[in-house]
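Beneath this line is the structure, given in structure tokens, with notes to follow.
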Amino acid sequence: MSDPRITSSIFTRGAVDLSTLRGPAPASTRPGTRPHGGPTNGAPGAPAAGGDTAIVDVTEATLQSDVLERSMTTPVVVFFGAAGFPESDEFAPVLERLNAEGGGAWVLARVDVQENPRIAQMFRVQGIPMVYAVVGGQPVDAFSGVVPEPQLRQWLQAVLKAGGVTVAEPEDPRLDEADDALMSGDLDAAEQAYRKILADAPADPAATAGLAQVGVARRVAGADPSAALAAAESAPDDVAAQLLAADIEVLSGLAEQAYARLVGLVRRTAGEDRETVRQHLVSLFSIAGPDDPAVASARRALASALF
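For the record, in the sequence shown the residue sitting at position 276 is 276 according to UniProt numbering, with numbers rising by one throughout.
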């Protein structure tokens, strides 16, 4: 299955012809609500869990009002599924939960392909589950199959951006669990949790920073901070002593001092030692993040020292 974040859309903009389904619009579901009395399974038509949702169950009669007209002001995500299909039953609740988190920033329009085959045909649905994003009355992106939740969240953010909507990305609860493990000193559990997040989202800055903190915590375990700093002071060219001192300074809230220490060491070393120091410094940068002014300044100093 393709990754909706990085692959081209499965159709070109405007390739889906919805014009034949336009017609006089009957009274539609009010924004922020969904029809009452639908099926009670996990397929389209099932009530979503509690929360501030914007979910509608679409038929041919309501397609214009619930999808096309709504998409002129609010991005609409159209979910094609059917009861009794495992992937569809699995994916529908995920979309419903994310819609509740969105608090009305986007509309989830559910289409039961068994009850509405003509809509599925118009959208060229060849398998379920399938998801379309409709903005400004036109489909703008789509994907088929089940995608991991981190990728789905990023795809939704892109849809919202296309619709001119900006919303804060909810915190990943897995990060809270990983951070709790780190703070409690369970470094193995913290590392496992951060790596699991990075497996789904390799560029996640919070997980990257957390994993770097695990590394620092392991390296300073059992060290006497005062003795380590004194040893580094008396042996300015001892790479191992300087790296340990930098780790201690970062954990002590003296990150800028740690960066300056290692940049200076880069200037005084060569070959494998220099590369070891450079990689160590870059790993410390990831704890603070690229937007930290101290990191930006230290990166410039590092570049000057290297070149």
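Where a beta carbon is used, it is the ideal one built from N, C-alpha and C, also for glycine. Owing to the predicted nature of the structure, the values given are computational and were not obtained by experimental measurement.
Spatial distance of residue i from residue j (CA atoms)
{"i": "Asp66", "j": "Tyr132", "result": "14 Å"}
{"i": "Ser304", "j": "Gly210", "result": "28 Å"}
{"i": "Gly163", "j": "Gly137", "result": "11 Å"}
{"i": "Glu233", "j": "Asp292", "result": "27 Å"}
{"i": "Leu152", "j": "Ala230", "result": "50 Å"}
{"i": "Asp247", "j": "Ala227", "result": "13 Å"}
Closest by C-alpha distance to residue i, when choosing among the options
{"i": "Ala245", "options": "Asp273, Ala270 and His280", "result": "His280"}
{"i": "Val125", "options": "Leu95, Leu302 and Phe80", "result": "Phe80"}
{"i": "Arg110", "options": "Val58, Phe285 and Tyr194", "result": "Val58"}
{"i": "Val263", "options": "Ile248, Ala301 and Met72", "result": "Ala301"}
{"i": "Arg174", "options": "Gln192, Leu187, Asp238 and Gln157", "result": "Gln192"}
{"i": "Arg218", "options": "Asp200, Leu182, Ala227 and Ala228", "result": "Leu182"}
{"i": "Ser71", "options": "Ser226, Ala190 and Pro139", "result": "Pro139"}
{"i": "Ala260", "options": "Phe285, Pro129 and Asp273", "result": "Phe285"}
{"i": "Asp200", "options": "Ala92, Val147 and Gly215", "result": "Val147"}
Three-state secondary structure assigned by DSSP to residue i
{"i": "Ser144", "result": "strand"}
{"i": "Phe91", "result": "helix"}
{"i": "residue 359", "result": "This structure gives no information on residue 359, because the portion of the chain shown stretches from 1 to 307."}
{"i": "Asp176", "result": "helix"}
{"i": "Pro86", "result": "helix"}
{"i": "Asp57", "result": "strand"}
{"i": "Gly81", "result": "strand"}
{"i": "Val220", "result": "helix"}
{"i": "Gln138", "result": "strand"}
{"i": "Val214", "result": "helix"}
{"i": "Ser19", "result": "Caution applies to Ser19, whose pLDDT of 47 falls short of 50 and renders its modelled position unreliable; the model cannot decide the point."}
{"i": "Val67", "result": "helix"}
For residue i, the first and last residue of its enclosing alpha helix (DSSP H)
{"i": "Phe285", "result": "Gly271 to Ala288"}
{"i": "Gly264", "result": "Ala255 to Arg268"}
{"i": "Leu247", "result": "Leu is not the amino acid found at residue 247; the sequence shown has Asp there. Note, Asp247: alpha helix (DSSP H), Val239 to Leu251."}
Residue range of the unbroken beta strand (DSSP E) whose run includes residue i
{"i": "Ala109", "result": "Val107 to Asp112"}
{"i": "Val134", "result": "Met130 to Val135"}
Cβ pair residue i, residue j closer than 8 Å
{"i": "Trp106", "j": "Asn99", "result": "yes"}
{"i": "Ser297", "j": "Ala212", "result": "no"}
{"i": "Val216", "j": "Val250", "result": "yes"}
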